[in-house]
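A short write-up of the structure that comes next.
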Amino acid sequence: MITMITAEDMLTIAYEEAQLGLAEGGIPIGAALFDSDGNLLGRGHNRRVQAGDPSLHAETDAFRNAGRRRDYRDTIMVTTLSPCWYCSGLVRQFGIGTVLVGEARTFQGGHEWLAAHGVSITVLDNQKCVAMMTKFIAERPELWNEDIGVPE
Ligand SMILES: [Zn+2]
Numbered sequence: 424m425i426t427m428i429t430a431e432d433m434l435t436i437a438y439e440e441a442q443l444g445l446a447e448g449g450i451p452i453g454a455a456l457f458d459s460d461g462n463l464l465g466r467g468h469n470r471r472v473q474a475g476d477p478s479l480h481a482e483t484d485a486f487r488n489a490g491r492r493r494d495y496r497d498t499i500m501v502t503t504l505s506p507c508w509y510c511s512g513l514v515r516q517f518g519i520g521t522v523l524v525g526e527a528r529t530f531q532g533g534h535e536w537l538a539a540h541g542v543s544i545t546v547l548d549n550q551k552c553v554a555m556m557t558k559f560i561a562e563r564p565e566l567w568n569e570d571i572g573v574p575e
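Residue numbers for the sequence shown follow the working numbering, beginning at 424 and rising by one.
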């Protein structure tokens, strides 16, 4: 149950992270992990370009910044964009109970697969998130294709 803050409030944190990444010259995808009371556990953004590390996706960055936790069933992962297969695997591996997706128009990852495996999925279809990715994909198609693994 989300009591203290709303899904849109959580998405705002992820969106701020995405904007940080964009300002750093990176790919604008942000994420954050919350507990069921709405306490922020960790936040992060895609740092493939900044860190030269293709495994540093927004979700993994937020997850790592949250530190160790015994059980993830009551946690909420919020991300500006539908999680890729790699990050969807992270959600299943650690048993994260809820995923809030900013948008799934510009990219469809594994959120339907997660839903089929019992993860609570909400696609917020946030227009700011759609606009951010649409602009980025138009301006930096080579970087986007690298991030989603589309061959040249
Ligand atoms: Zn990912």
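Where is the CB? At the ideal position from N, CA and C, for every residue including glycine.
Quick caveat: nothing in here was measured; it's all calculated off a predicted structure.
As computed with DSSP, residue 468 is found in a beta bridge with 453.
The beta carbon of residue 506 sits closer than 7 Å to at least one heavy atom of ligand 1. Secondary structure at residue 523: strand, using DSSP grouped into helix, strand and coil. For residue 523 and residue 558, the gap between their C-alpha atoms comes out near 22 Å. Looking at 525, 483, 479, the one whose alpha-carbon comes closest to that of residue 464 is 483. For residue 436, the enclosing alpha helix (DSSP H) stretches over residues 430 to 446.
Residue 429 counts as exposed, since fewer than 16 other beta carbons sit within 10 angstroms of its beta carbon.
Across the set 534, 453, 431, the C-alpha of 453 shows the shortest separation from the C-alpha of residue 439. DSSP places residue 543 in the strand class (E or B) of the three-state scheme.
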